[in-house]
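Chemist: When we follow UniProt numbering, the leftmost residue of the sequence shown carries the number 187, and every step to the right adds one.
Built from N, CA and C at the ideal position, the CB exists for glycine as well.
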Amino acid sequence: SKVGPLAGRRALVTAGPTHEPLDPVRYLANRSSGQQGFALAAALADLGADVTLVSGPVSLPPPAGVTYLACETAREMHALAMGSGHFDVAVCTAAVADWRPEHEAGQKIKKTGAPDAAPPIKLVPNPDILAELAAPGPGRPKLVVGFAAETENVIAHATAKRQRKQCDWIVANDVSPQTGIMGGQENQVVLITADSVEAWPRMSKADVANQLAERITVWLSE
Ligand code: C5P
187 SKVGPLAGRR
197 ALVTAGPTHE
207 PLDPVRYLAN
217 RSSGQQGFAL
227 AAALADLGAD
237 VTLVSGPVSL
247 PPPAGVTYLA
257 CETAREMHAL
267 AMGSGHFDVA
277 VCTAAVADWR
287 PEHEAGQKIK
297 KTGAPDAAPP
307 IKLVPNPDIL
317 AELAAPGPGR
327 PKLVVGFAAE
337 TENVIAHATA
347 KRQRKQCDWI
357 VANDVSPQTG
367 IMGGQENQVV
377 LITADSVEAW
387 PRMSKADVAN
397 QLAERITVWL
407 SE
């Protein structure tokens, strides 16, 4: 068994994008690479935690020493996150699709009718994994951390999100294209708790992961 300050603690990390099928060959997705979540899973495992990493489709190798559960859709990610037992800490880094096409066509959707006609796509909401994990109740992890990828008013939106989703901390970042953060190697985050707003300097995603894992360790041992 593992050694380190998080030995005996169970940690859940969600990561990556989700893919929401339209038909057997097409899907809706986003630009998440999974790097921040994979780095965090590795950092928590290095500190001795028993880590379950639930990830959507990414092109990264799972970190050594973590339980890796792969999925495609938000509904699959939700089932894996909720069905893997009790966790002391849950960190939701996944860029879960907020909506999915209402219907997945059984066959590839064909062009029909007028040359400029296009099929309408009706979207329906996906389950909110973070909000469900953070909801008060006997099985709630002691610490639930969300991420907030925003393109404007980062702190205001993230602060509102923390309250709405009832998570303990939100790690907010600006994912506007000019930042190069989504899909890049670096991150610049603001850690928002119930009573503090801390802007961290820009650093590698590995360093963000290590510092966040360190903070989680301190919080769990208090
Ligand atoms: O609402 P929004 O998608 O901006 O919230 C982002 C945070 O919520 C992230 O921590 C993300 O992992 C989590 N989330 C989730 N399930 C969803 C949507 C978001 O766990 N369906």
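1) Are alanine 227 and valine 237 closer than 8 Å when you measure CB to CB?
2) Taking only the alpha-carbon atoms, compute the straight-line gap between glutamate 258 and threonine 379 and give it to the nearest angstrom.
3) Closer than 7 Å: is that where the CB of lysine 294 sits relative to any heavy atom of the ligand C5P?
4) Determine the burial state of histidine 264: buried for a count of at least 16 other Cβ atoms within 10 Å of its Cβ, exposed for fewer.
5) Quick one: what's got a C-beta closer than 6 Å to alanine 260's C-beta in the same chain, skipping five residues either side?
6) Just how far apart, CA to CA, sit proline 243 and glutamine 397?
7) Could you say which of Val375, Lys308, Ala342 lies nearest to phenylalanine 333 if we only look at CA atoms?
8) Please list, following the chain, all residues that have a C-beta closer than 5 Å to any non-hydrogen atom of the ligand C5P.
9) State the CB to CB distance for the pair leucine 329 and isoleucine 402, rounded to an integer number of angstroms; the pair is presumed to be in contact (CB under 8 Å).
10) In three-state DSSP terms, what is phenylalanine 224?
11) Hey, could you find the ends of the alpha helix (DSSP H) arginine 348 is sitting in?
12) Are the stretch 187-197 and the stretch 273-281 touching, with three or more C-beta to C-beta distances below 8 Å?
13) Looking only at C-alpha atoms, which of Ser241, Ala335, Thr279, Leu246 sits nearest to threonine 262?
14) Does DSSP put valine 404 in a helix, a strand or coil?
15) Alanine 291 to leucine 316, Cα distance in whole Å?
16) Can you tell which of Asp232, Ala235, Val199, Asp209 has its C-alpha closest to the C-alpha of glutamine 221?
17) Does the Cβ of isoleucine 356 have 16 or more other Cβ atoms within 10 Å, making it buried, or fewer, making it exposed?
Modeler: Checking against the coordinates, here is how it stands:
1) Residue 227 sits at position 41 when you count from the first residue of the sequence shown. Residue 237 sits at position 51 when you count from the first residue of the sequence shown. Yes.
2) As a working note, residue 258 is residue 72 in the sequence shown. As a working note, residue 379 is residue 193 in the sequence shown. Computed Cα separation, rounded: 30 Å.
3) Counting from 1 along the sequence shown, the entry for residue 294 is found at position 108. No, the Cβ of lysine 294 stays beyond 7 Å of every heavy atom of the ligand C5P.
4) For the purposes of this step, residue 264 is taken as residue 78 along the sequence shown, with counting starting at 1. The residue is buried, with at least 16 neighbouring Cβ atoms inside 10 Å.
5) Translated into the one-based positions of the sequence shown, residue 260 becomes position 74. For alanine 260, where only same-chain residues beyond five positions count, the Cβ hits under 6 Å are Thr204, Val282, Ala283, Asn312.
6) To locate residue 243, count along the sequence shown from 1; it is residue 57. To locate residue 397, count along the sequence shown from 1; it is residue 211. So the alpha carbons of these two residues sit roughly 26 Å apart.
7) Against the sequence shown, residue 333 aligns to sequence position 147. Nearest of Val375, Lys308, Ala342 to phenylalanine 333, Cα basis: Val375.
8) Cys278, Ala280, Val282, Asn312, Asp314, Ile315, Leu316, Gly332, Phe333
9) Within the sequence shown, numbered from 1, the residue matching residue 329 stands at position 143. Within the sequence shown, numbered from 1, the residue matching residue 402 stands at position 216. About 6 Å separates the two Cβ atoms, so the contact holds.
10) What you label residue 224 is simply residue 38 of the sequence shown in a count that begins at 1. Three-state result, phenylalanine 224: helix.
11) The sequence position of residue 348 within the sequence shown is 162, counting from 1. 340-351 is the span of the alpha helix (DSSP H), which, as asked, contains arginine 348.
12) yes
13) Numbered from 1 along the sequence shown, position 76 holds the residue referred to as residue 262. Reading off the sequence shown, one finds glutamate at residue 262, where the question assumed threonine. The candidate whose alpha carbon is nearest that of glutamate 262 is Ser241.
14) Taking the first residue of the sequence shown as position 1, residue 404 is located at position 218. Helix at valine 404.
15) Position 105 of the sequence shown, counting from 1, holds the residue named residue 291. Position 130 of the sequence shown, counting from 1, holds the residue named residue 316. Alanine 291 and leucine 316: Cα-Cα distance of roughly 29 Å.
16) Here the question's residue 221 lines up with position 35 in the sequence shown. That would be Val199, whose Cα lies nearest to the Cα of glutamine 221.
17) In the sequence shown, residue 356 corresponds to position 170, counting from 1. Buried is the call here.
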